[in-house]
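Visitor: Sharing a structure with you now.
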Amino acid sequence: MPTTPTPPTTPARGRGRPRGGDPAQTRERILAAAAEQFAESGYHGTTMVAVAKAAGLSQTGLLHHFPTKEELLAGVLERRDIEDTAGLWDDSLRGWEWFDALVRLAKHNESREVFVRLFTAMAGEAVDDGHPGHAWLRSHHDAARRVIARALAQAKEDGTCHPDAPADLIAQATVAVMDGLQLQWLAEPAVTEMAAPMQAHVDAVRARWEIPSGAR
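One point on numbering: in UniProt numbering, the residue at position 167 of the sequence shown is 167, and numbering is uninterrupted.
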């Protein structure tokens, strides 16, 4: 006697895992929601429950992708750094071209308030060495200073920058200008742009230390 075929079984979904969802898209949705929450409330004021709700997930679904708030913060900051550099600069730049890239970054930041708020919120909290973002903040500033100092070293090699230009001091001041402009742009309605003041800073540095083509 023929038997009735047993219908194929569908593997059970893990608890909290969205049905039919693309994991990469879900992760991006979580990171976008978390960036807004961290920017608005800071790290300590943000809860995983709030992030899950903003991302349209259960808390279990969120924990499937990011088991801890520390891992979630790390993912958000990594995403921010990737967006910082995407299409704005690469290793083909040399010397003073890196300073032009900083102006482009300032202009880019004018169109992404959430990430500017995220940076200022995290920078304010993460000066405490016990904060989970402290290592990122130090690494972020160290990397920015290295890029600028290397740009000046290249300009010196190319004969377009005075040999006695204090690269480390210029790098430190330039990072301070960039950070300060972000804070003013958020806090003061009269400050409507960041690119123009950044351009003014770059122009001042070049006026002081660049060797004009006719003098080389």
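We treat Cβ as the ideally placed atom computed from N, Cα and C, and that holds for glycine. Being a predicted model, the structure only gives us computed values, none of them experimental.
Only counting the same chain, and skipping five residues up and downstream in sequence, which positions put a Cβ closer than 7 Å to that of ALA149?
Guide: Answer for ALA149: ALA167, ASP168 and ALA171, listed in chain order.
Visitor: Considering only the beta carbon of each residue, do ARG138 and PHE115 sit closer than 7 Å?
Guide: Result no, Cβ atoms of ARG138 and PHE115 do not sit closer than 7 Å.
Visitor: Quick one: using the 10 Å Cβ neighbour count with 16 as the cut-off for buried, is PRO8 buried or exposed?
Guide: Residue placement at PRO8 cannot be trusted, given a pLDDT of 44 that sits under 50; the coordinates are not used to answer.
Visitor: By the DSSP assignment, the alpha helix (DSSP H) with TRP96 in it spans what residues?
Guide: Unbroken run through TRP96: none, as it is neither H nor E.
Visitor: Restricting to Cα atoms, I'd like to know which of LEU72, TRP96 and LEU105 is closest to ALA86.
Guide: The shortest Cα separation from ALA86 among LEU72, TRP96 and LEU105 belongs to LEU105.
Visitor: Taking only runs of the beta strand (DSSP E) that begin and end inside the segment 15–88, which ones reach a length of at least 3 residues, in chain order?
Guide: Runs of the beta strand (DSSP E) inside the segment 15–88: none found.
Visitor: Check GLU125 in the structure and name its three-state DSSP category.
Guide: It is helical.
Visitor: I need the boundaries of the alpha helix (DSSP H) containing ILE148, first residue and last residue.
Guide: Start and end: 134–157.
Visitor: Is GLU188 helix, strand or coil when you go by DSSP?
Guide: Looking at GLU188 - three-state DSSP - the assignment turns out to be coil, as it is neither helix nor strand.
Visitor: Quick one: measure Cβ to Cβ for PHE38 and ALA121, integer angstroms, because I've assumed they're closer than 8 Å.
Guide: Rounded, the Cβ-Cβ distance is 6 Å, consistent with contact.
Visitor: Measuring alpha carbon to alpha carbon, tell me which of HIS141, GLU113, GLU125 and GLU28 ends up nearest ALA187.
Guide: Nearest C-alpha to ALA187: GLU113.
Visitor: Could you give the residue range of the alpha helix (DSSP H) that holds ALA165?
Guide: Element bounds for ALA165: n/a, residue is neither H nor E.
Visitor: When the Cβ atoms of the segment 25–33 are set against those of the segment 61–78, are three or more pairs found closer than 8 Å?
Guide: Contact between the segment 25–33 and the segment 61–78 is present, because at least three Cβ pairs lie under 8 Å.
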